[in-house]
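Below you'll find the structure, written out as structure tokens, and then a few comments.
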Amino acid sequence: MISKAKTKLIKSLDSKKERDEKKLFVAEGNKCISELLKTYECEFMLATDEWMQANAEKAAFKGIDITEVSGEELKKASLLKNPKDTIAVFRQKTYTVNRYSLLDNIVLLLDGIQDPGNLGTIVRIADWFGIEEVMCSPQSADIYNPKTVQATMGSMAGVHVSYGDLAEFIRQNNDTMPVYGTFLSGDNIYAERLSGNGVIIIGNEGNGISPELERLVTKRLTIPQYCTDGKNIAAESLNAATATAIVCSEFRRRLM
1372 MISKAKTKLI
1382 KSLDSKKERD
1392 EKKLFVAEGN
1402 KCISELLKTY
1412 ECEFMLATDE
1422 WMQANAEKAA
1432 FKGIDITEVS
1442 GEELKKASLL
1452 KNPKDTIAVF
1462 RQKTYTVNRY
1472 SLLDNIVLLL
1482 DGIQDPGNLG
1492 TIVRIADWFG
1502 IEEVMCSPQS
1512 ADIYNPKTVQ
1522 ATMGSMAGVH
1532 VSYGDLAEFI
1542 RQNNDTMPVY
1552 GTFLSGDNIY
1562 AERLSGNGVI
1572 IIGNEGNGIS
1582 PELERLVTKR
1592 LTIPQYCTDG
1602 KNIAAESLNA
1612 ATATAIVCSE
1622 FRRRLM
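Start counting the sequence shown at 1372; every next residue gets the next number (this note's numbering).
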């Protein structure tokens, strides 16, 4: 049976203020939790009887404080509309960008990505394409927002997400890297020479890249619309996460 204190703690972590003060966050579901256990310190877990029978003896969960709960108890504690079989509370981590990544890899700079789902999906995309560093502007969504955590599907374990002044970061490192920016009006990404290192700036869902960062971009890129019959296309732009996936895929394709 879960204590009222643990239920109250989990519920409180839906608030950014509480997450920041306690330096904790919530993850739900076996896949997400299993991945996070590789690099994050777990405070405690809640799990259903069915989950306990199938997983409790696995090495990944040895030494973890796991409380067996009923499905109804899990539902009451969950932050999801459709609860899974497990809930875990983890300790947060604070990262800074490893500047060596700029020499031989891509670093993603997220300029005001405000939707938690978009941020989580971008982290998952970065993980897929072997990009270990993602730096967010302070106006971006919180990586520890429960919706963001779920959208990463555990990819937070392999991707370092930091926050800071993106313009200052570029100014401090622009002598060692190209700075790519994604725009509606830019050069066709499929026709341009692309480097295997540097930074790629992904702009805000509605406003794109901010003017301050735009001035620091050394190569403007666009994903061209495909239209062969001259008709108008209803889509004015791509979702930020979708655009990130296409851009990262093209950068990686050049290295293959």
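All C-beta atoms, glycine included, are put in the ideal place defined by N, C-alpha and C.
In this structure A1611 is not in contact with I1496, their Cβ atoms being roughly 10 angstroms apart against a cut-off of 8 angstroms. For V1468, no alpha helix (DSSP H) segment is defined, and its DSSP state is neither H nor E. A residue is called buried once 16 or more other Cβ atoms fall within 10 Å of its Cβ, and Y1561, having fewer, is exposed.
For E1414, the enclosing beta strand (DSSP E) begins and ends at 1413–1419. For S1472, the enclosing alpha helix (DSSP H) has its first and last residue at 1472–1475. Note that the C-beta distance between E1503 and N1476 is below 9 angstroms. At least 9 angstroms separates the beta-carbon of T1465 from that of V1440. The beta carbon of D1513 sits closer than 6 angstroms to the beta carbons of K1387 from its chain, once the five residues preceding and following it are set aside; these are given in chain order. With 16 or more other Cβ atoms inside 10 Å of its own Cβ, L1480 counts as buried.
One alpha carbon belongs to I1435, the other to V1520, and they sit about 20 angstroms apart. Taking a C-beta distance under 9 angstroms as the contact criterion, F1500 and R1625 do not qualify as a contact pair. Between S1533 and C1507, the gap from beta carbon to beta carbon is short of 9 angstroms.
Secondary structure at I1458: strand, using DSSP grouped into helix, strand and coil.
DSSP places R1586 in the coil class of the three-state scheme, outside both helix and strand. The beta carbon of L1445 lies closer than 7 angstroms to those of L1417, T1419, P1454, I1458 in the same chain, with the five residues before and after it left out. For N1559, the secondary structure class from DSSP, reduced to helix, strand or coil, is strand. Straight through space, the alpha carbons of S1374 and E1539 are spaced by roughly 46 angstroms. Burial of R1390 is indicated by the presence of at least 16 other C-beta atoms within 10 angstroms of its C-beta. Taking the C-beta atoms as reference points, L1395 is found nearer than 9 angstroms to L1384.
A direct Cα-Cα distance of roughly 13 angstroms separates I1404 from Y1515. When secondary structure is reduced to three states using DSSP, L1626 falls in the helix class. In this structure, G1574 keeps its C-beta atom at 9 angstroms or more from the C-beta atom of T1589. Classified as buried, Y1551 has 16 or more neighbouring CB atoms from the shown chains inside 10 Å of its CB. Within its own chain, the residues whose Cβ lies closer than 7 angstroms to the Cβ of M1548, once the five positions on either side in sequence are excluded, are L1473, N1568, G1569, V1570, listed in chain order.
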